[in-house]
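Chains as they are written, first to last, in my numbering: chain A, 13 to 151; chain B, 13 to 151. A short worksheet on the structure shown next.
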DNA sequence: ATCCTTGCAAAGCATTTGCAGTCAC
DNA sequence: GTGACTGCAAATGCTTTGCAAGGAT
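Spelled out as structure tokens, the structure:
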């Protein structure tokens, strides 16, 4: 169950479970819309009317720190958050900023080939996203 | 020669050649350090002492609009600019933010495979970057 | 009881904008 | 001469921070 997972991950880092963090995590797990911090704020406020945007930001960073969420910082505008932790990529609409999941991954062999060109760097990962236009923005 | 290239690209969009745009473009072509807008500003101020940061921002966006530069907006902090227009990727230091070029590209076949998973999107391109730690940040 | 977390308001930073004066064509 | 561009300063948008009050263990 979600709360248990969160409690365990938080304890590992000496942090505490709170209603606010619980609500943020549950909302993030319940959607695949890759919400911005503000969208999380608006959604969670339905359950915890007094929550502040600053708390949402702090909670999201805490989740990222625990490995329970990813921060998607491609793109120019605001960051988006994703609670899917398995390997996958994204496609972003250049017009409205919407982000969707793209299943599948690049072959390790190809990533390795690029990695060899990164002289002097200790490469620990990579990020890739497709760019284009979503259905509604094309019309 | 650089100025001619710039003039031609600007004219195509009904825009004018100025000393400021010339200096920004020349600086960007002369370096492979993927500078931020502020770094461009500091460098160009040596040649045009009165230039403003706002003008640098506007000039950079103009260059991007003309296809003479790329904006690298991965990462959390400030955007970086690159006048290399051939296909290549980047590696970014997670500690200091430094960006270096990585030669080579992904096989079209692999990109195509991913693209098929982007339902409803008209995919026009992609971006990928390696992440890791540079020599100085590892010590 | 301790120390972490919250909410508020203020600060921070990168970037953009409005506008009067200036410049390119 | 006309419309585009510059420089300044103020504004914007997203995110972070300082701090007193409240909450988790």
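Glycine residues also receive a C-beta, built at the ideal position from the N, C-alpha and C atoms. On a predicted model such as this, the values are computed, not experimentally measured, just so you know.
Which of the three DSSP states, helix, strand or coil, is assigned to residue 145 of chain A?
In the structure shown, the three-state DSSP call for residue 145 of chain A is strand.
Could one say the Cβ of residue 112 of chain B lies closer than 8 Å to chain A's Cβ atoms, at least one of them?
With 8 Å as the cut-off, residue 112 of chain B counts as an interface residue toward chain A.
Which first and last residues belong to the beta strand (DSSP E) in which residue 50 of chain B is found?
From DSSP, residue 50 of chain B is part of no beta strand (DSSP E) but of the alpha helix (DSSP H) over 49-56.
Any Cβ of chain B within less than 8 Å of the Cβ of residue 115 of chain A?
Yes, contact with chain B.
When you compare the CB of residue 79 of chain A with every CB in chain B, is at least one pair closer than 8 Å?
Chain B contact via Cβ: absent.
Express the C-alpha separation of residue 92 of chain B and residue 65 of chain B in angstroms, rounding to a whole number.
Distance between the alpha carbons of residue 65 of chain B and residue 92 of chain B is about 14 Å.
From B:97, B:144, B:101, B:57, residue whose alpha carbon lies closest to that of residue 108 of chain B:
For the residues B:97, B:144, B:101, B:57, the minimum Cα distance to residue 108 of chain B belongs to B:144.
Can you find a CB in chain B that lies within less than 8 Å of the CB of residue 88 of chain A?
A Cβ of chain B is located within less than 8 Å of the beta carbon of residue 88 of chain A.
Does residue 105 of chain A come out as helix, strand or coil in the three-state DSSP assignment?
Here residue 105 of chain A sits in strand by DSSP.
Residue 61 of chain B burial status per 10 Å Cβ neighbour count (16 or more: buried)
By the 10 Å Cβ count, residue 61 of chain B comes out exposed.
Measure the beta-carbon distance from residue 14 of chain B to residue 38 of chain B and round it to whole angstroms, keeping in mind my assumption that it falls under 8 Å.
Rounded, the Cβ-Cβ distance is 6 Å, consistent with contact.
Starting from the C-beta of residue 67 of chain A, find all residues in its chain whose C-beta is less than 7 Å away, skip the five residues before and the five after it, and write them out in chain order.
Here residue 67 of chain A has 32 as same chain residues with Cβ atoms under 7 Å from its own Cβ, once five neighbours each way along the sequence are excluded.
Given a cut-off of 8 Å on the beta-carbon distance, is the pair residue 146 of chain A and residue 79 of chain B in contact?
No, the Cβ-Cβ distance between residue 146 of chain A and residue 79 of chain B is not below 8 Å.
Chain-ordered chain B contacts of residue 133 of chain A [CB-CB under 8 Å]:
Per Cβ cutoff of 8 Å: 103, 105, 112, 142, 144, 145, 146, 147.
Comparing alpha-carbon positions, which option in A:48, A:40, A:41, A:35 lies nearest residue 58 of chain A?
Shortest Cα-Cα distance from residue 58 of chain A to any of A:48, A:40, A:41, A:35 involves A:35.
Work out the CA separation of residue 30 of chain A and residue 98 of chain B for me, nearest whole Å.
Those two C-alpha atoms are separated by around 50 Å.
If we ignore side chains and look at the alpha-carbon of each, how far apart do residue 46 of chain B and residue 40 of chain B end up?
So the alpha carbons of these two residues sit roughly 8 Å apart.
So if DSSP puts residue 205 of chain B in a beta bridge, which residue, or which two residues, is it bridged to?
Only positions 13 to 151 of chain B appear in the structure, and residue 205 of chain B is not among them; the question remains open.
Taking C-alpha atoms, which residue in B:120, B:90, B:149, B:130 lies nearest to residue 135 of chain A?
Of the candidates B:120, B:90, B:149, B:130, the one whose C-alpha sits nearest the C-alpha of residue 135 of chain A is B:149.
Are the CB atoms of residue 43 of chain A and residue 90 of chain A within a distance shorter than 8 Å?
For residue 90 of chain A and residue 43 of chain A, no; Cβs fall outside 8 Å.
Only counting the same chain, and skipping five residues up and downstream in sequence, which positions put a Cβ closer than 8 Å to that of residue 22 of chain A?
28, 29, 33, 74, 78, listed in sequence order.
Going by beta carbon distance, what residues of the same chain come within less than 7 Å of residue 85 of chain A, once the five residues before and after it are set aside?
Apart from the 5 residues on each side of it in sequence, residue 85 of chain A sits with its Cβ closer than 7 Å to the Cβ of 91 in its chain, given in chain order.
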